[in-house]
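K.L.:
This is the structure I want to talk about, given as structure tokens.
2 protein chains.
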Amino acid sequence: MSLRHILLGLLDQPQSGYDLKQVFEQVFRHFWSAELAQIYPTLRRLEEDGLSRSKQVPSDKGPDKKLYKRTAQGTRELKRWLESGPTAGKDRLHYLAQVFFLDAASRDQRLRFFKDLRSHFVAELEELRAVERGWSAEDPHYPDALPDEAFYKQLTLRLGLKKVAAIVDWCEECIAVIEKRE
Amino acid sequence: MSLRHILLGLLDQPQSGYDLKQVFEQVFRHFWSAELAQIYPTLRRLEEDGLSRSKQVPSDKGPDKKLYKRTAQGTRELKRWLESGPTAGKDRLHYLAQVFFLDAASRDQRLRFFKDLRSHFVAELEELRAVERGWSAEDPHYPDALPDEAFYKQLTLRLGLKKVAAIVDWCEECIAVIEKRE
DNA sequence: GGCCCCATGTAATGGGTTACATGATTGC
DNA sequence: GCAATCATGTAACCCATTACATGGGGCC
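Taken in sequence, the protein lines are chains R and W. The first sequence lines up with residues 7 to 188 when you count with the numbering used here. The second sequence lines up with residues 7 to 188 when you count with the numbering used here.
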């Protein structure tokens with residue numbers, strides 16, 4: 007039930023489903039994604055449950071927007087979620103499942119696999135670094151002296167960087183060892 | 007559609023759904039999990055599709071077992087999966103979503119959050135290290151000189167160790183910085 | 001005219017969890 | 001007698017993705 011809470015977290019200021027989708031694409035890229043087909047019904051349920059309220063406003067371009075905003079009850083629920091402790095669910099790493107059985111693939115395919123994986127994560131790392139450069143150029147207090155609202159958001163980026171760097175590192179090691187074995 | 011392929015990968019030797027569940031719990035812990043309620047129907051579909059075959063055998067304890075084994079067609083499908091390139095899906099890191107909004111929680115709760123997170127991952131790291139010790143004690147060729155069947159399986163463990171270590175590291179940093187800010 | 005962006009939604013399907021149902025054997 | 005482990009399954013539900021449907025506005 008986390009999407010519900012993430013939307014709740016974002017509904018500090020009035021936003022439409024379409025607006026929120028942009029946030030997922032631009033800000034949450036490294037740890038969450040959501041489709042409009044999931045966002046719209048979730049927003050509706052949030053309103054039905056009294057955790058948010060919406061009003062229809064005309065848009066500059068296209069049809070009317072439906073702007074949702076968190077209610078006081080919504081803020082209470084958001085806090086409850088945050089204070090219920092960290093939820094560390096089990097990941098499902100598809101590519102690790104593939105590595106586990108990789109001895110069944112042909113020799114070239116094995117190296118190829120790790121090289122493809124490496125370029126995927128190198129690209130992701132580059133993206134994250136670009137985001138970091140943007141943030142640090144924007145605010146002289148980056149990273150540790152940021153105000154609370156920005157400080158905690160920035161922490162998520164720092165884990166992204168560390169984790170992806172670890173994966174790239176592992177890919178390099180794997181490639182080197184596999185080449186040596188042959 | 008990865009569970010299908012993981013089961014296929016494991017059905018090298020005849021195994022029951024119940025047996026396979028143990029593998030998820032013991033071997034795949036750090037990158038996959040599956041419930042019996044999902045395993046049984048998937049095995050049935052695998053057989054319907056001609057990718058595996060089963061035979062019923064009496065068990066020492068409890069009711070008859072249904073042992074599944076991969077067919078030649080199943081092996082071809084497994085290879086196809088491995089050679090289709092790495093599938094790096096988008097993770098959903100619930101705890102990072104919480105960190106993103108953590109400025110909305112009270113001050114003690116924020117530190118508490120990271121300390122809880124740290125103990126969770128410290129425990130996971132300890133588990134992984136125990137597995138590693140077991141493997142290295144068992145085989146003098148560990149890790150780089152292992153035969154293919156064991157070598158690639160071991161690589162998944164190495165990424166687990168690196169990633170979890172990176173997360174613990176990040177937790178430490180976060181705790182230190184938050185304490186300094188106050 | 002065609003394409004992309006804005007904006008909202010529904011329907012079908014897939015993947016996964018929780019709860020429920022059944023029943024034998026082993027060990028305390 | 002009771003709990004745990006062995007063993008297989010079904011049903012209801014939840015979360016998420018893909019595909020489909022609608023329509024206005026701006027740009028080339």
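Cβ coordinates follow ideal geometry from the N, Cα and C atoms, glycine included.
Measuring alpha carbon to alpha carbon, tell me which of 72(R), 97(R), 66(R) and 39(R) ends up nearest residue 17(R).
P.N.:
Position 11 of the first sequence holds residue 17(R). Measuring from the Cα of residue 17(R), the nearest candidate turns out to be 72(R).
K.L.:
Do residue 137(R) and residue 150(W) count as a contact pair if the criterion is CB distance below 7 Å?
P.N.:
By 1-based counting over the second sequence, the position of residue 150(W) is 144. By 1-based counting over the first sequence, the position of residue 137(R) is 131. Cβ atoms of residue 150(W) and residue 137(R): not closer than 7 Å.
K.L.:
Taking only beta-carbon positions, decide if residue 104(W) is within less than 7 Å of chain R.
P.N.:
Stepping through the second sequence from its first residue, residue 104(W) is reached at position 98. True, the Cβ-Cβ gap to chain R drops below 7 Å.
K.L.:
For residue 78(W), which residues in chain R fall below 9 Å Cβ to Cβ?
P.N.:
By 1-based counting over the second sequence, the position of residue 78(W) is 72. Here the premise fails: no neighbours, minimum Cβ distance about 13 Å.
K.L.:
According to DSSP, which residues form a beta bridge with residue 62(W)?
P.N.:
Along the second sequence, read from residue 1 onward, the residue named residue 62(W) stands at position 56. Its beta-bridge partners are 72(W).
K.L.:
Could you name the residues that DSSP lists as bridge partners for residue 44(W)?
P.N.:
The residue given as residue 44(W) occupies position 38 in the second sequence. Answer is none; residue 44(W) lacks a bridge partner.
K.L.:
Between residue 130(R) and residue 174(R), what straight-line distance do the alpha-carbon atoms span, to the nearest angstrom?
P.N.:
In the first sequence, residue 130(R) corresponds to position 124, counting from 1. In the first sequence, residue 174(R) corresponds to position 168, counting from 1. Distance between the alpha carbons of residue 130(R) and residue 174(R): 10 Å.
K.L.:
By the criterion of Cβ-Cβ separation under 8 Å, what are the contact partners of residue 175(R) in chain W?
P.N.:
On the first sequence, position 169 is the one that residue 175(R) refers to. Going along chain W in sequence order, the residues near residue 175(R) (Cβ under 8 Å) are 168.
K.L.:
Pull out every residue of the region 41–59 of chain W whose Cβ sits closer than 9 Å to any Cβ of chain R, in chain order.
P.N.:
Residues: none.
K.L.:
Report back the beta-carbon spacing between residue 59(W) and residue 75(W) to the nearest angstrom; my notes put them in contact at under 8 Å.
P.N.:
As a first step, residue 59(W) is located in the second sequence; it is residue number 53 there, counting from the start. As a first step, residue 75(W) is located in the second sequence; it is residue number 69 there, counting from the start. So it is a contact: roughly 6 Å between Cβ atoms.
K.L.:
Closest to residue 68(R) by C-alpha separation, out of 83(R), 24(R) and 178(R), would be which residue?
P.N.:
As a working note, residue 68(R) is residue 62 in the first sequence. Among 83(R), 24(R) and 178(R), the Cα nearest to that of residue 68(R) is on 24(R).
K.L.:
Should residue 172(W) and residue 172(R) be called a contact, given that it needs their Cβ atoms to be closer than 7 Å?
P.N.:
The count along the second sequence starts at 1 and reaches residue 172(W) at position 166. The count along the first sequence starts at 1 and reaches residue 172(R) at position 166. Taking 7 Å as the Cβ cut-off, residue 172(W) and residue 172(R) qualify as a contacting pair.
K.L.:
When you compare the CB of residue 125(R) with every CB in chain W, is at least one pair closer than 7 Å?
P.N.:
In the first sequence, the residue the question calls residue 125(R) occupies position 119. Output row for residue 125(R): interface = no.
K.L.:
Near residue 167(R), which residues of its chain fall below 8 Å by C-beta distance, leaving aside the five closest residues on each side in sequence?
P.N.:
In the first sequence, residue 167(R) corresponds to position 161, counting from 1. Correct list, in chain order: 131, 134, 135 and 138.
K.L.:
Going straight from the alpha carbon of residue 9(W) to that of residue 19(W), what length do you get?
P.N.:
Residue mapping note: residue 9(W) aligns to position 3 of the second sequence, counting from 1. Residue mapping note: residue 19(W) aligns to position 13 of the second sequence, counting from 1. Distance between the alpha carbons of residue 9(W) and residue 19(W): 17 Å.
K.L.:
Answer yes or no: do residue 152(W) and residue 84(W) have a C-beta to C-beta separation smaller than 7 Å?
P.N.:
Looking up residue 152(W) in the second sequence gives position 146. Looking up residue 84(W) in the second sequence gives position 78. For residue 152(W) and residue 84(W), no; Cβs fall outside 7 Å.
K.L.:
Who are the near neighbours of residue 50(R) in its chain, counting only those whose CB is closer than 6 Å to its CB and skipping five residues on each side?
P.N.:
For the purposes of this step, residue 50(R) is taken as residue 44 along the first sequence, with counting starting at 1. None.
K.L.:
Listed in chain order, which residues of the region 85–105 of chain W have Cβ atoms closer than 8 Å to some Cβ of chain R?
P.N.:
The residues in question are 85, 87, 88, 89, 91, 92, 93, 94, 95, 96, 97, 98, 99, 100, 101, 102, 103, 104 and 105.
K.L.:
Report the three-state DSSP secondary structure of residue 32(R) (helix, strand or coil).
P.N.:
In the first sequence, counting from the first residue as 1, residue 32(R) sits at position 26. Three-state DSSP puts residue 32(R) in a helix.
K.L.:
Going along chain W, which residues have a C-beta under 8 Å from residue 8(R)?
P.N.:
Mapped onto the first sequence, residue 8(R) falls at position 2. Per Cβ cutoff of 8 Å: 98, 100 and 103.
K.L.:
With a cut-off of 7 Å, does the C-beta of residue 148(R) fall near any C-beta of chain W?
P.N.:
Against the first sequence, residue 148(R) aligns to sequence position 142. No, its Cβ sits nowhere closer than 7 Å to a Cβ of chain W.
K.L.:
Alpha carbon to alpha carbon, how far is residue 101(W) from residue 92(R)?
P.N.:
Here residue 101(W) corresponds to residue number 95 of the second sequence, with the count starting at 1. Here residue 92(R) corresponds to residue number 86 of the first sequence, with the count starting at 1. If you take the alpha carbons of residue 101(W) and residue 92(R), they lie about 5 Å apart.
K.L.:
Identify the continuous alpha helix (DSSP H) that holds residue 38(R) and give its terminal residues.
P.N.:
Here residue 38(R) refers to the residue found at position 32 when the first sequence is read from its first residue. Taken as a continuous stretch (DSSP letters only), residue 38(R) belongs to no alpha helix (DSSP H), as it is neither H nor E.
K.L.:
Have a look at the DSSP bridge pairing and note the partners of residue 21(W).
P.N.:
Start at 1 with the first residue of the second sequence, and residue 21(W) comes out as number 15. Residue 21(W) is bridged to 74(W).
K.L.:
Run through chain R and tell me which residues come within less than 8 Å of residue 13(W), C-beta to C-beta.
P.N.:
To locate residue 13(W), count along the second sequence from 1; it is residue 7. Neighbours of residue 13(W) on chain R: none; closest Cβ ~10 Å, over 8 Å.
K.L.:
Alpha carbons only, please: which of 188(R), 97(R), 110(R) and 82(R) is nearest the one belonging to residue 89(W)?
P.N.:
As a position in the second sequence, residue 89(W) is number 83, starting the count at 1. Checked all of 188(R), 97(R), 110(R) and 82(R); the closest Cα to residue 89(W) is 110(R).
K.L.:
What number of angstroms, rounded off, separates the C-alpha of residue 103(R) from the C-alpha of residue 169(W)?
P.N.:
As a position in the first sequence, residue 103(R) is number 97, starting the count at 1. As a position in the second sequence, residue 169(W) is number 163, starting the count at 1. If I take the Cα positions, the gap works out to 16 Å.
K.L.:
In angstroms, rounded to a whole number, what distance separates the CA positions of residue 159(R) and residue 155(W)?
P.N.:
On the first sequence, position 153 is the one that residue 159(R) refers to. On the second sequence, position 149 is the one that residue 155(W) refers to. Between residue 159(R) and residue 155(W), the C-alpha separation is close to 42 Å.
K.L.:
Are residue 177(W) and residue 108(W) touching if we call contact CB-CB under 7 Å?
P.N.:
Locating residue 177(W) in the second sequence gives position 171, where the first residue counts as 1. Locating residue 108(W) in the second sequence gives position 102, where the first residue counts as 1. No; because the gap between Cβ atoms is not below 7 Å, this pair is not in contact.
K.L.:
Who are the neighbours of residue 142(W) on chain R, taking C-beta pairs under 9 Å?
P.N.:
Taking the first residue of the second sequence as 1, we reach residue 142(W) at position 136. Simply none; closest approach about 15 Å.
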